[in-house]
Structures are given as C-alpha cells and as structure tokens.
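Taking it in order: structure first as structure tokens, then the write-up.
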Amino acid sequence: MAKLGYPFTLGVASGEPLPDGVILWTRLAPEPLHPTRPGGMPSRAMTVRWEVAEDEAFTRVVQSGAASAQPDWAHSVHVRVAGLAAGADYFYRFTLDDHVSPTGRTRTAPAGASTAPVRFGFVSCQRYEHGYFTALRHLAGERPDVILHLGDYIYEYGKPKNPGPGRYVRPLESEAECTTLGAYRNRYARYKMDADLQAAHAAAPWIALPDDHEVRDNWAGSLPGDGSSPAAFLKRRAAAFKAYYEHMPLRVRPSGPSLQNYRWRPYGRVAEFVVADARQYREGRDMLGAEQERWLVARLTGATARWKVLAQAVFFAQRKFPLEPPSTDAWDGFPDSRARILAHAPDGLVVVSGDVHNNWAGDLRADWDDPASKALGVEFVGTAVTSMPPATDGSAILAANPHLAFFDSHRGYVSCTASMDSFQADYRGVAFVDRPGAPVTTIASFQVKENKLQRIDL
Ligand SMILES: [Fe+2]
Numbered sequence: 000m001a002k003l004g005y006p007f008t009l010g011v012a013s014g015e016p017l018p019d020g021v022i023l024w025t026r027l028a029p030e031p032l033h034p035t036r037p038g039g040m041p042s043r044a045m046t047v048r049w050e051v052a053e054d055e056a057f058t059r060v061v062q063s064g065a066a067s068a069q070p071d072w073a074h075s076v077h078v079r080v081a082g083l084a085a086g087a088d089y090f091y092r093f094t095l096d097d098h099v100s101p102t103g104r105t106r107t108a109p110a111g112a113s114t115a116p117v118r119f120g121f122v123s124c125q126r127y128e129h130g131y132f133t134a135l136r137h138l139a140g141e142r143p144d145v146i147l148h149l150g151d152y153i154y155e156y157g158k159p160k161n162p163g164p165g166r167y168v169r170p171l172e173s174e175a176e177c178t179t180l181g182a183y184r185n186r187y188a189r190y191k192m193d194a195d196l197q198a199a200h201a202a203a204p205w206i207a208l209p210d211d212h213e214v215r216d217n218w219a220g221s222l223p224g225d226g227s228s229p230a231a232f233l234k235r236r237a238a239a240f241k242a243y244y245e246h247m248p249l250r251v252r253p254s255g256p257s258l259q260n261y262r263w264r265p266y267g268r269v270a271e272f273v274v275a276d277a278r279q280y281r282e283g284r285d286m287l288g289a290e291q292e293r294w295l296v297a298r299l300t301g302a303t304a305r306w307k308v309l310a311q312a313v314f315f316a317q318r319k320f321p322l323e324p325p326s327t328d329a330w331d332g333f334p335d336s337r338a339r340i341l342a343h344a345p346d347g348l349v350v351v352s353g354d355v356h357n358n359w360a361g362d363l364r365a366d367w368d369d370p371a372s373k374a375l376g377v378e379f380v381g382t383a384v385t386s387m388p389p390a391t392d393g394s395a396i397l398a399a400n401p402h403l404a405f406f407d408s409h410r411g412y413v414s415c416t417a418s419m420d421s422f423q424a425d426y427r428g429v430a431f432v433d434r435p436g437a438p439v440t441t442i443a444s445f446q447v448k449e450n451k452l453q454r455i456d457l
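Letter by letter, the sequence shown follows residues 0 to 457 in numbering that gives the first Met the number 0.
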C-alpha cells in the first residue's frame with residue numbers, strides 16, 4: 000500500500016475544558032482539498048497515537064493512548080482526556096506511523112474553589128475570502144486560558160459574481176456555495192489550512208458555538224431563511240453540523256440535524272460560562288425554545304461564581320436604528336424571550352456576542368427606553384476576525400440608544416480578564432486584513448462596576 004503523505008495538514012486543537020480534562024482534536028488529511036475522497040484518505044479506519052505532557056519537550060508525558068480515525072467522520076479524532084490536574088497547562092501531539100503532528104498547548108479549567116483570575120478571548124465571523132486571520136495570530140500570542148468562538152467559523156457562500164473591493168482577498172477552494180457534506184468538509188479544510196487559525200487552536204482550548212453561516216445565512220429553527228421547506232433544509236443542516244463536529248474539539252457528536260450547543264463550563268469561583276444557542280430552537284417569537292430557556296434561567300439563578308458570562312452569538316441589547324426597523328435576526332426580534340431572561344439576571348451578568356462585524360459595548364437595562372432604570376449587567380459585542388463590516392452609522396445609533404456606550408469598526412478580537420473583584424474587557428483591533436502582518440492595538444478598555452460599564456482611559 001502506498002505510504003500516506005503528511006496527515007496533520009489541518010493542525011491540532013483542544014476544547015471543552017473541565018477541571019480534570021479536555022478534548023483533543025485532529026483530522027487526517029494528507030490531501031486536504033481532494034475533490035472526491037475526504038482529505039485524500041483511504042476509506043478505512045486508522046489508529047492515531049496521542050500524548051499529553053506537562054512540558055513542551057514531552058519529557059514528562061502524563062497520559063498517552065490510541066484513537067481510531069473513522070472514514071465516516073472524515074478521519075477526525077476526538078480524544079476525551081480525563082484525570083488531569085485542574086487549572087494547569089499541558090502540551091499534546093498526535094503521531095501516525097513516522098508522522099508527528101504540531102504540538103498544541105491546552106489548559107484545564109480551574110478547580111471549583113479556585114479564585115485565580117480567568118483570562119479569555121472571544122472571536123466571531125472569520126470569512127476566509129475577506130482577509131487574513133492576523134487577529135487570531137495576535138490572540139494566540141496572548142495565550143489565554145480559553146478562547147470562545149461565537150459563530151461564523153466558516154461562511155457557506157460561493158464566490159460572488161462581482162466581488163467588491165476587499166471581498167475576495169483570498170480564493171476559496173470552490174466557487175460554489177456549500178450545501179453537501181463533501182462541500183462543507185472541504186470548506187473547513189480550506190479554513191483549517193490557515194496557519195493563523197492553526198496557531199489560535201494550538202495556543203488554548205476553545206469553546207465553540209456555531210451561528211448561521213456554519214449552515215446557511217440567517218437560518219432559524221427548522222427554517223432555512225429563504226422561504227423553502229424544512230425537509231430539505233434539515234438534511235443540509237445535518238451535513239453542516241456533521242462537518243462542524245468533524246473539525247472542532249467538541250464533546251458531543253451531532254445527532255442528525257441536532258447539535259447540543261447549550262452548555263455550562265464553570266471556571267472556579269471567578270466565572271461561569273453559560274453557552275446559549277440562539278439559532279437552533281427558534282420558533283415564532285421564541286428565541287431559545289422552552290427547554291433551553293428553563294435550563295438557562297436555572298443556570299443564571301443558580302450561579303455562584305462572581306461573573307456569569309452568557310456566551311451567545313447575536314446582539315442581545317436593544318439596538319434602535321435611526322432609519323430602519325430593528326434586526327429581526329437578533330434579540331430585538333425576540334423581545335419577550337429577552338425580557339424573561341433579564342427578569343432573572345444575576346449580579347455579575349456579562350453577555351458576550353458577535354455577528355454584527357463591529358465592536359459595541361453597552362449596559363443591559365431593566366427598561367431600555369429609560370436610561371435611569373436599573374442596570375442588570377453589561378454586554379460586550381465583539382467585531383469580526385475578518386468579515387467585512389456593514390455600513391453602520393455608529394454615532395447615530397449610539398445617540399438613539401443611551402445604554403450603548405461604544406462603537407468601533409476595526410476587525411480583531413476581545414480579550415477579557417475576570418477576577419474576584421474586577422472584570423476587564425480589552426478591544427483589540429488590527430489595522431488591516433487584506434494582507435498579512437497587521438499590528439494589533441488596544442482600541443478601548445472597559446471594566447464592570449456595579450453591573451455597569453466603566454470606560455478605562457488608555
Ligand atoms: Fe458573520
């Protein structure tokens with residue numbers, strides 16, 4: 000049998016940190032963009048070895064084992080490592096025959112009693128053809144404890160007929176829109192070959208949440224968003240979620256068109272990440288579905304950590320536009336769902352979101368139209384890694400929404416540090432994305448004081 004080419008072309012990743020373990024990920028793909036055989040792999044299972052060590056040179060290996068890479072799952076590998084120490088750095092790698100993967104650094108969640116500060120970054124909206132993932136490289140350099148990805152990890156679109164300036168900076172693997180499993184797989188492979196994206200995965204564990212473009216623009220519940228029927232769309236959603244799982248360090252597999260995205264990740268006494276899925280269970284005027292909403296309210300009211308970080312994809316606060324109606328794809332389209340959640344807002348509520356390709360920050364108000372009403376927490380909306388921002392009149396929107404305090408149109412990421420007595424968010428921006436090598440600067444920094452934003456003078 001012909002010898003397999005280098006199989007670790009898509010890098011390595013880790014995710015879903017618990018105090019005693021993480022998920023380790025890789026996928027075998029010697030020819031990542033092969034048009035018919037996923038990854039250019041033979042259609043049989045292969046055994047991959049993995050190692051976890053305390054040091055980057057692998058002189059103190061603490062665990063190792065073998066995992067089967069199955070053709071049905073595009074030869075992806077998801078290793079569930081347990082029995083590690085809490086709040087500790089580890090290094091991991093995979094081997095297959097003589098081939099050794101790049102080394103990843105990961106970190107377990109802290110123990111339940113830990114009061115050590117928690118450093119995390121959050122990102123969203125990385126449209127490959129719109130630019131270079133330089134922001135992810137800078138985030139990797141910060142080596143946060145954990146990285147949250149809030150959706151639009153890929154975009155399903157094909158090449159536009161006449162792409163405007165900055166809209167087709169680097170070529171996709173195919174000019175067609177993704178609708179099939181094979182097409183989604185190769186779209187992920189295209190993204191995963193990016194060295195900056197690989198660096199961000201190799202730097203820290205991720206907690207990832209899909210939004211609409213992992214499947215299709217503006218889908219909601221069982222509806223594709225283009226007026227067509229749910230039956231064909233649910234097949235497409237199943238293919239899209241399967242490809243998402245095959246490329247992400249997740250704990251659970253999708254089941255047909257369903258993927259369990261809402262989950263709770265405690266980080267000691269300092270922070271709890273409550274991840275909500277504001278896409279899959281939408282129905283009518285209901286954003287989360289009854290079951291998830293019950294779960295979320297119980298998580299928020301039962302939370303004991305200092306900061307309750309509600310991680311979800313779309314703009315949460317009210318956002319009035321001077322000339323247009325509010326977005327029906329964000330929480331403004333689901334005001335009753337939002338009000339029911341805010342009725343249970345715990346002290347220390349911090350909502351983090353993405354989707355809109357601009358930076359925003361604001362207070363969450365008991366009555367949006369009364370700036371003197373009670374502050375119920377804050378929201379930090381992170382910009383895109385690369386996706387082109389829409390034309391947005393930031394100052395007019397700020398004027399129409401007194402609870403919103405900050406607008407900025409850089410692309411980049413948000414870096415947060417939570418401790419027992421403070422929460423700080425630093426908005427990092429890159430100067431350009433249409434070529435590699437942009438420097439990063441801190442655009443603005445905020446702290447949370449008494450459930451309200453406070454800008455820090457830089
Ligand atoms: Fe997006």
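Every residue gets a Cβ at the ideal spot worked out from N, C-alpha and C, and that includes glycine. These numbers were taken from a predicted model, which means no experiment stands behind them.
Residue i - containing beta strand (DSSP E), residue span
{"i": "Glu15", "result": "Val11 to Leu17"}
{"i": "Ser75", "result": "Ser75 to Val80"}
{"i": "Gly361", "result": "Asn358 to Arg364"}
{"i": "Asp88", "result": "Asp88 to Leu95"}
{"i": "Thr133", "result": "No beta strand (DSSP E) contains Thr133, which is instead part of the alpha helix (DSSP H) from Thr133 to Glu141."}
{"i": "Gly411", "result": "Arg410 to Ala417"}
{"i": "Arg264", "result": "Arg262 to Tyr266"}
{"i": "Ala310", "result": "Trp306 to Ala310"}
Proximal residues to residue i (C-beta, below 7 Å), its chain only, five neighbours per side dropped
{"i": "Met192", "result": "Thr8, Leu9 and Pro31"}
{"i": "Val251", "result": "Gln259"}
{"i": "Glu50", "result": "Phe57, Val60, Ser63, Tyr91 and Arg92"}
{"i": "Tyr190", "result": "Tyr127, Ile153 and Leu196"}
{"i": "Tyr183", "result": "Cys177, Ala238, Ala239 and Ala242"}
{"i": "Ala81", "result": "Asp19 and Gly20"}
{"i": "Thr46", "result": "Ala65 and Ser67"}
Check: residue i C-beta below 7 Å from any heavy atom of ligand 1
{"i": "Asp151", "result": "yes"}
{"i": "Ala383", "result": "yes"}
{"i": "Asp71", "result": "no"}
{"i": "Cys177", "result": "no"}
{"i": "Ser336", "result": "no"}
{"i": "His129", "result": "no"}
{"i": "Asp354", "result": "yes"}
{"i": "Ser421", "result": "no"}
{"i": "Ser386", "result": "yes"}
{"i": "His148", "result": "no"}
{"i": "His409", "result": "no"}
{"i": "His519", "result": "In this structure the chain extends from 0 to 457, so residue 519 is not present and cannot be described."}
{"i": "His212", "result": "yes"}
{"i": "Cys124", "result": "yes"}
N-terminal and C-terminal residue of the alpha helix (DSSP H) that residue i is part of
{"i": "Leu299", "result": "Ala289 to Gly301"}
{"i": "Phe232", "result": "Pro229 to Glu245"}
{"i": "Asp368", "result": "Unbroken run through Asp368: none, as it is neither H nor E."}
{"i": "Pro334", "result": "Pro334 to Leu341"}
{"i": "Leu397", "result": "Gly393 to Ala399"}
{"i": "Lys191", "result": "Leu180 to Lys191"}
{"i": "Asp195", "result": "Ala194 to Ala202"}
Beta-carbon proximity list for residue i, same chain, < 6 Å, skipping 5 on both sides
{"i": "Arg454", "result": "Phe445"}
{"i": "Val117", "result": "Asp144, Tyr266, Val269, Ala270 and Ala417"}
{"i": "Pro209", "result": "Gly150 and Tyr243"}
{"i": "Phe232", "result": "Pro223"}
{"i": "Pro70", "result": "Ser42"}
{"i": "Tyr167", "result": "Glu128"}
{"i": "Asn450", "result": "Ala374 and Gly376"}
{"i": "Val78", "result": "Leu23, Trp49 and Ala66"}
{"i": "Gly301", "result": "none"}
{"i": "Ile146", "result": "Gly120, Ala203 and Trp205"}
Cβ-based neighbour list, residue i, same chain, cut-off 8 Å, excluding 5 preceding and 5 following
{"i": "Phe406", "result": "Asn357, Asn358, Trp359, Thr391, Gly393, Ser394, Ile396 and Leu397"}
{"i": "Ser257", "result": "Phe240 and Gln279"}
{"i": "Ala85", "result": "Pro18, Asp19, Thr107, Ala108, Pro109, Ala110 and Ser113"}
{"i": "Pro325", "result": "Gln317, Arg318, Lys319, Asp331 and Gly332"}
{"i": "Thr385", "result": "Cys124, Gln125, Arg126, Tyr127, His129, Gly130, Tyr131, Phe132, Ala134, Arg410 and Val432"}
Residue i Cβ short of 7 Å to ligand 3 heavy atom set
{"i": "Ser123", "result": "Ligand 3 is not part of the structure shown, which contains ligand 1 as its ligands."}
Practice task
Decide if the stretch 422–441 is in contact with the stretch 125–141; the criterion is three or more beta carbon pairs, one per stretch, under 8 Å apart.
Solution key: Contact between the stretch 422–441 and the stretch 125–141 is present: three or more C-beta pairs spanning the two stretches fall below 8 Å.
Mind the definition here: the stretch 121–129 touches the stretch 154–167 only if three or more C-beta pairs lie below 8 Å; say whether that holds. yes
Specify whether the stretch 111–122 and the stretch 411–431 touch according to this definition: at least 3 beta carbon pairs, one from each stretch, less than 8 Å apart. yes
Segment contact flag, the stretch 426–434 with the stretch 398–412, C-beta cutoff 8 Å, min 3 pairs: yes
Check your understanding: Any contact of the stretch 57–68 with the stretch 83–95, i.e. 3+ C-beta pairs under 8 Å?
Key -> Segments in contact, yes.
Next item on the list: Evaluate the contact criterion for the stretch 302–312 versus the stretch 342–358: three or more CB pairs, one atom per stretch, below 8 Å.
Entry: The answer is yes - the stretch 342–358 touches the stretch 302–312, with three or more Cβ pairs under 8 Å.
Indicate whether the contact test is met: 3 or more Cβ pairs, each with one atom in the stretch 361–376 and one in the stretch 332–346, closer than 8 Å. Yes, they touch.
task: For the stretch 366–383 and the stretch 287–295, state whether three or more C-beta atom pairs, one from each stretch, are separated by less than 8 Å.
output: no
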